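Under the numbering used here, the residues of the sequence shown are numbered 37 to 349, in order.
Single-structure report; data block below.
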Amino acid sequence: MAEDKSAEITEKIAEMEAGAEIEATLNSDAPAEEEKFAKSGKKSKKHIEEVKAEAERQARKAENKAAEEAGEKPKGATPVTRPKIERRGKNYQAAAKQIEAGKLYSLKEALELATKTNPTKFDATVEAHVRLGVDPRQADQNIRATVVLPHGNGKTVRVAAFAPLDEAKKAAAAGADIAEDEEFLKRLEKGTIDFDVLISTPAYMPKLGKFARLLGPKGLMPNPKAGTVTTDLEKAVKEAKAGKVEYRVDKQAIIHIGLGKTNFDQAKLLENAETFFESLKSHRPASIKGNFVKSIYITTTMGPSIAVENIYN
């Protein structure tokens, strides 16, 4: 027993001496020489650097604890992130207070509330955001369709028709802002995009192929599903001018659509919304077994969201 205690005391003394040597090395102002460090063990350069780092860490810890006790902000502390609502503008916060958290409103109530809670001074767009229970990667569930809103969406639509000269004249008579044949291609070659909807005949679609990179990213490439590739140009132009809008599901399985403006009469907004939801309901894929519509939110362009009760499954 005496021998064990003697050995233990000897070991502690050795550790203390090693620690004193390390501390002396750390506190020394003289440049460290390579030969003063051992290749391994407690006198190695790596071990000395680890001891120094640990000492600095413990010192910072003690400083932060002292700062907390004194009611000061600790150094290097992560700032507390404010709630998202507090980072919004005053007008938005005032509008959000009018919406009861957790409540599901009827479609009519949501549209009325969206108009009242518009935080901007201009007539904002009243939008619907609908999350669907579909997988957009599946061809039959990648929903893309059009709907003619009875009262339009409040936007002035510039329509271009690309067709043979005789049909282009009919499109112009129906209200097309641009109705041209070969002259239209010269516009595109210059990169001029001064229209919101482009309608073409099937025979002229190959001529637009080389402009796919120009038109595609802007959503302007004619498509049969959107009704912009047709032989009846007059009807397509009139529908586009009357308020025909395209909607499609995005990668997150959400559809976004504008239903009108905040200066619309409430009855007109409601009729537009009901027309859209009836159109959406008619495009439910046969392969969907569960809920087709998961959630519905009504909002204005820069306003707070209003949850709507789901009655469309």
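Cβ atoms here follow ideal geometry from the backbone N, Cα and C, with glycine treated the same way.
Source: prediction; values computed, not measured.
Spatial neighbours of residue i within its chain, please: C-beta separation below 8 angstroms, excluding the five flanking residues on both sides.
i, result
"D286", "P172 and H292"
"I324", "G169, V170 and Q177"
"R8", "For residue 8 there is no data in the structure shown, the boundaries of the chain being 37 and 349."
"A322", "D176"
"I290", "H165, V166, R167 and L168"
"G296", "T161, V162, L185, H187, G188, N189, G190, K304, L305 and N308"
In three-state terms, what does DSSP make of residue i?
i, result
"K82", "helix"
"G326", "coil"
"T267", "coil"
"E216", "strand"
"E345", "coil"
"S76", "coil"
"R223", "helix"
"R167", "strand"
"L140", "coil"
"G294", "strand"
"F300", "coil"
"A210", "coil"
"E104", "helix"
"R180", "strand"
"P340", "coil"
"A273", "Note that residue 273 is Val in the sequence shown, not Ala. In this structure, V273 counts as helix in the three-state DSSP scheme."
"V87", "helix"
"A131", "helix"
"A199", "coil"
"K374", "For the chain, the structure presents residues 37 to 349; residue 374 sits outside this window and is missing."
Taking C-beta to C-beta, are residue i and residue j nearer than 7 angstroms?
i, j, result
"N327", "G190", "no"
"N308", "H165", "no"
"F231", "A196", "yes"
"G252", "L185", "no"
"K144", "L316", "no"
"A146", "I342", "yes"
Using the C-alpha atoms, what's the distance from residue j back to residue i?
i, j, result
"E218", "T337", "39 angstroms"
"A98", "E108", "13 angstroms"
"T335", "E163", "5 angstroms"
"L149", "L269", "39 angstroms"
"T237", "E282", "18 angstroms"
"V183", "P258", "16 angstroms"
"V273", "P260", "14 angstroms"
"D130", "T156", "Note that residue 130 corresponds to Ala in the displayed sequence, not to Asp. Spanning the two alpha carbons is a distance of roughly 12 angstroms."
"Q288", "L234", "27 angstroms"
"L221", "F158", "37 angstroms"
"F300", "A239", "40 angstroms"
"S76", "K101", "35 angstroms"
"S318", "G227", "38 angstroms"
"R96", "H83", "20 angstroms"
"A248", "Y128", "40 angstroms"
"A74", "V87", "15 angstroms"
"A89", "K72", "20 angstroms"
"R118", "T267", "57 angstroms"
"Q174", "A160", "34 angstroms"
"E225", "L250", "10 angstroms"
"M241", "I332", "37 angstroms"
"G263", "L256", "12 angstroms"
"Q302", "G138", "24 angstroms"
"D202", "E216", "10 angstroms"
Rounded to the nearest angstrom, how far is the Cβ of residue i from that of residue j, given a contact under 8 angstroms?
i, j, result
"N154", "G339", "5 angstroms"
"R284", "R180", "4 angstroms"
"Y141", "E345", "7 angstroms"
"G211", "K271", "Wrong, their Cβ atoms sit about 11 angstroms apart, outside the cutoff."
"K254", "I229", "7 angstroms"
Looking only at its own chain, which residues have a Cβ that is under 7 angstroms from the Cβ of residue i, when we skip the five neighbours before and after it?
i, result
"R223", "none"
"D213", "R194, V195, A196 and F231"
"I135", "L149, T153, P340 and I342"
"V265", "S236, P238, M241, P258 and N259"
Less than 6 angstroms between C-beta atoms, sequence neighbours within five positions excluded: which residues of the same chain meet that for residue i?
i, result
"T151", "T298"
Quick one: is residue i near chain D, going by C-beta distance under 7 angstroms?
i, result
"E310", "Judged by its chain identifiers, the structure shown contains no chain D, having just a single protein chain."
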